[in-house]
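Following: one structure in structure tokens, then a few remarks.
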Amino acid sequence: MTDVPQDSRRSARAEASRRAFYRFRQSRLSMVGATMVAVVVFFTLFGNLLAPYPEHVRGGLNTAERFQAPSLAHPFGTNELGQDVLSLVMAGTPVSVAAGFAVVLIGTVLGVVVGALAGFNGGWIDDVLMRFSDLMLTIPSLILAMAVAAALGPGFVNMIIAIALSWWPGYARLVRGEVLQAREEVYVAAARAIGASPARVLFRHILPNIVSPIIVKMSLDMGFAILTVAALGFIGIGVRPPTPEWGTLLSIARNYMPDFWWTAVFPGMAMFLAVFGFNLLGDGLRDVLDPRARR
Amino acid sequence: MLRFILRRILLILPVLIGMTIIMFVIARVLPGDPVGLAAGPNATRAEIEALAREFGLDQPLWVQYWTYLSGLVQGDFGTSLFSRRPVATDLAAYLPATLELVFSALLLAILVGIPAGLMAAVWRNKWPDYLSNILSVAAISMPRFFLGLLLQLCFAMWLMWLPLGGRFPIIFDPPPGVTGFYTIDSIIAGDWDSFWTALRYLALPAIAMSLSPLATILRMMRASTIEVMHQDYVTTARALGLSPRLIVFKYVLRNAISSSLTVIGLYFGWLLGGTVLVETVFDWPGIGLYATSAIVSQDFMPVVSVALVIGVLFVTANIVIDVLYGLINPKVRYQ
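Those protein sequences? They're chains A and B, same order as listed. Letter by letter, the first sequence follows residues 15 to 309 of our numbering. Letter by letter, the second sequence follows residues 57 to 391 of our numbering.
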């Protein structure tokens, strides 16, 4: 007897995800986004290995070949140190993507903890936590990250901490709202009636049911996190050379425009395309997973 | 209505105090050794202690916070550890340039974004809608500083139509200051040459700033227009045989705009944050450029003060939007 509901539940879930996948495939832009993200992930994993001039990635220079225009040997040209721009752009992918992902991940974890505590407990805990995250939201995240990064000093880890600190309040608000809604659902009342502890109700029953809006927000935020990382690099408080990072590459290259435009345009295009891919994918996921936001 | 406005203003007091606490924590607690940082790597122990006394950094934290807060109330933002100039003087000099840039960008975004969003909704699921959808995702994905560089490359370096950066030619005097906005000041002075010059300098940074909010306003406007078009009163108007043009412009537009207003308020803060990047690219002498040049010399007091000013401006803008919202939509006033 117990097998029957188990089975039908599983097939209902499979059916739902099949439908979601079908809708996702129907949307051409989402598929374009997914493909672009796949390329970005590919270069994140293998960019360092595939770079045609690995010695340039490690900081080696070749002053005989400074500022060469794009050619077969150097499709993206060479920069002021004679380094191959294509190699730097490829090797810069893991830096930007890893930093962006770390920011989103830390922001999500912090936000989920704060939001779940606030929404699940209510009362003064809710008031204090939410007033605090509203407060953090009143300072534009880039400026807040800048101030924190300036106080902590430059560096890769400090930059990630600075951005993540300005990133969590959005998640806290989202999760709190979802938890407040889920708390009133019948399945939560049922779990409580059986005698489940508050922690079990929160972690086993509520959180798994609010995963999809969190995933949608994470995928939409991935692009913006990469942009923020590059922006801090551009201002000069992010990753330091010789580590190739798109924003830093751009900030150096802008001194050599317009004659040596390729040193700026190719890293910038890589940044734009990566963010574009993540945003298209995020839009597509939202249309599929969030029934309230259908076109 | 007056009570509504007063209540909104009273509500921000705790927010402002909270912001000063955050900024104080960032400025005084986060850096492991703020004095050592300010004194430089070669300072002796006695020099560091003297500097600490000078800036009051040897006092307990709550005394330091109280000094900081009472200074802020009197318009004292502290002193730049690097240039030794009061931060408030610099902020007052640079703020008008930033505001002029932000307001122009916002104006551009609204003037283009609202009609474009309306059109995308009217032609929903036809090619103008698809085109505007792709373009708006692209616009949001475009890093502002890279867009700024591309605009410089095309219009300032290759075509040479517009100036590369700055706010006004150094060899000329800017228009006499009334508002601090060069475009408005030159109109007040009746000096059309200066107006044209100021506008030419403003064009590229304003475009670079406006593209992303333009796209967001477009999407918001599209969504709210579609929602309004499904309301009963629109169906009624259509059933009564009113022309589509009349329905859109007389009944749909006003209702759709009022829900887009909130987004515009939120974007004001985002724009203020983004000025840092665009001002750096275009050498625009605003508070953003001030902050980035302070970062280069590891002087964080200006950075923290800029963050505070931007936070205050953002909160103020949202109150203005709230009040406007109450004016447009009487339902909000009595909640």
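Backbone N, C-alpha and C define an ideal beta-carbon position, used for all residues, glycine too.
### Query
Does any CB atom of chain B fall closer than 8 Å to the CB of R308 of chain A?
Working through the first sequence from its first residue, we reach residue 308 of chain A at position 294. Any answer about R308 of chain A is weak, because its pLDDT of 45 lies below 50 and its placement is not dependable; what the coordinates show is given next. Chain B contact via Cβ: absent.
### Unbroken stretches of the beta strand (DSSP E), 3 residues or longer, contained in the segment 40-79 of chain A
none
### Query
By the 10 Å Cβ neighbour count, where 16 or more other Cβ atoms means buried, how is W183 of chain B classified, buried or exposed?
Numbered from 1 along the second sequence, position 127 holds the residue referred to as residue 183 of chain B. Exposed.
### Message
With a threshold of 8 Å, are at least 3 pairs of Cβ atoms found where one atom belongs to the segment 324-340 of chain B and the other to the segment 260-272 of chain B?
### Response
yes
### Task
Using three-state DSSP, classify D146 of chain B as helix, strand or coil.
The residue given as residue 146 of chain B occupies position 90 in the second sequence. In the structure shown, D146 of chain B sits in a helix (DSSP, three-state: H, G or I).
### Task
Apply the 10 Å Cβ neighbour rule to N41 of chain B and answer buried if 16 or more other Cβ atoms are within range, or exposed otherwise.
Absent from the model: residue 41 of chain B. The displayed extent of chain B is 57 to 391, so no value can be given.
### Task
Identify the contact partners of F356 of chain B in chain A, using a Cβ-Cβ distance below 9 Å as the criterion.
Within the second sequence, the letter at position 300 stands for residue 356 of chain B. Within chain A, the residues near F356 of chain B are A161, A164 and A165.
### Query
Taking the alpha helix (DSSP H) that A212 of chain B falls in, what are its first and last residues?
By 1-based counting over the second sequence, the position of residue 212 of chain B is 156. Per DSSP, A212 of chain B belongs to no alpha helix (DSSP H) and is neither H nor E.
### Query
Listing by chain order, which chain A residues have their CB less than 8 Å from the CB of L345 of chain B?
Numbered from its first residue, the second sequence carries residue 345 of chain B at position 289. Here the premise fails: no neighbours, minimum Cβ distance about 10 Å.
#### Entry: Three-state secondary structure assigned by DSSP to R309 of chain A
Working through the first sequence from its first residue, we reach residue 309 of chain A at position 295. Confidence is the limiting factor: at R309 of chain A the pLDDT is only 43, short of 50, which leaves the residue's position unreliable and the question unanswerable from this model.
### Message
If the cut-off is 9 Å on Cβ atoms, which residues from the segment 153-175 of chain B count as contacting chain A, listed in chain order?
### Response
none
### Query
Of the residues that make up the segment 201-222 of chain B, which ones have a beta carbon closer than 8 Å to any beta carbon in chain A?
F201, F202, L205, L206, Q208, L209, M213 and W214
### Query
So which residues of chain A does V362 of chain B contact, with C-beta pairs closer than 9 Å?
Residue 362 of chain B sits at position 306 when you count from the first residue of the second sequence. Under the 9 Å cutoff, chain A gives I157, M160 and A161.
### Message
Looking at D355 of chain B: is its Cβ nearer than 8 Å to the Cβ of S136 of chain B?
### Response
Counting from one through the second sequence, the residue named residue 355 of chain B turns up at place 299. Counting from one through the second sequence, the residue named residue 136 of chain B turns up at place 80. Against a cut-off of 8 Å, the Cβ pair of S136 of chain B and D355 of chain B comes out as a contact.
### Query
In chain B, which residues lie with their C-beta within 7 Å of the C-beta of L143 of chain A?
Here residue 143 of chain A corresponds to residue number 129 of the first sequence, with the count starting at 1. Within chain B, no residue comes near L143 of chain A; the closest Cβ sits about 13 Å away, beyond 7 Å.
### Message
I'd like to know if the segment 358-374 of chain B and the segment 163-182 of chain B are in contact, where contact means that at least 3 CB-CB pairs between them fall below 8 Å.
### Response
no
### Task
Quick one: grab the DSSP three-state call for D22 of chain B.
Look at the range of chain B in this structure, 57 to 391, and you will see that residue 22 of chain B is not part of it.
#### Entry: Own chain, CB closer than 7 Å to Y307 of chain B, minus 5 neighbours either side, in chain order
Locating residue 307 of chain B in the second sequence gives position 251, counting from the first residue. Within the same chain, Y307 of chain B has close Cβ partners Y289, V290 and A293.
### Task
Under 8 Å between beta-carbons, which chain A residues line up against A108 of chain B? List them in chain order, please.
Taking the first residue of the second sequence as 1, we reach residue 108 of chain B at position 52. The contacting residues do not exist; A108 of chain B stays about 17 Å from chain A at best.
### Task
Answer yes or no: does any C-beta atom of chain A fall closer than 8 Å to that of A194 of chain B?
Residue 194 of chain B sits at position 138 when you count from the first residue of the second sequence. Judged by the 8 Å Cβ criterion, A194 of chain B is in contact with chain A.
### Query
alpha helix (DSSP H) containing I82 of chain B: first to last residue?
For the purposes of this step, residue 82 of chain B is taken as residue 26 along the second sequence, with counting starting at 1. No alpha helix (DSSP H) contains I82 of chain B, which DSSP labels as neither H nor E.
### Query
With burial defined as no fewer than 16 other Cβ atoms inside 10 Å of the residue's Cβ, what is the status of I190 of chain B: buried or exposed?
One-based indexing of the second sequence puts residue 190 of chain B at position 134. So I190 of chain B counts as exposed.
### Query
Starting from F134 of chain A and walking both ways along the alpha helix (DSSP H), at which residues does that stretch end?
Counting from 1 along the first sequence, the entry for residue 134 of chain A is found at position 120. Here the alpha helix (DSSP H) through F134 of chain A covers V99 to N135.
### Message
I'd like to know if S197 of chain B contacts chain A, where contact means its C-beta is closer than 8 Å to some C-beta of that chain.
### Response
By one-based count along the second sequence, residue 197 of chain B stands at place 141. Cβ-Cβ to chain A under 8 Å: yes for S197 of chain B.
### Query
Beta-carbon of V111 of chain A versus every beta-carbon of chain B: anything under 8 Å?
Your numbering for residue 111 of chain A matches position 97 in the first sequence. Not an interface residue.
### Cα-Cα separation, A164 of chain A to E110 of chain B
Start at 1 with the first residue of the first sequence, and residue 164 of chain A comes out as number 150. Start at 1 with the first residue of the second sequence, and residue 110 of chain B comes out as number 54. The straight-line gap from Cα to Cα measures roughly 22 Å.
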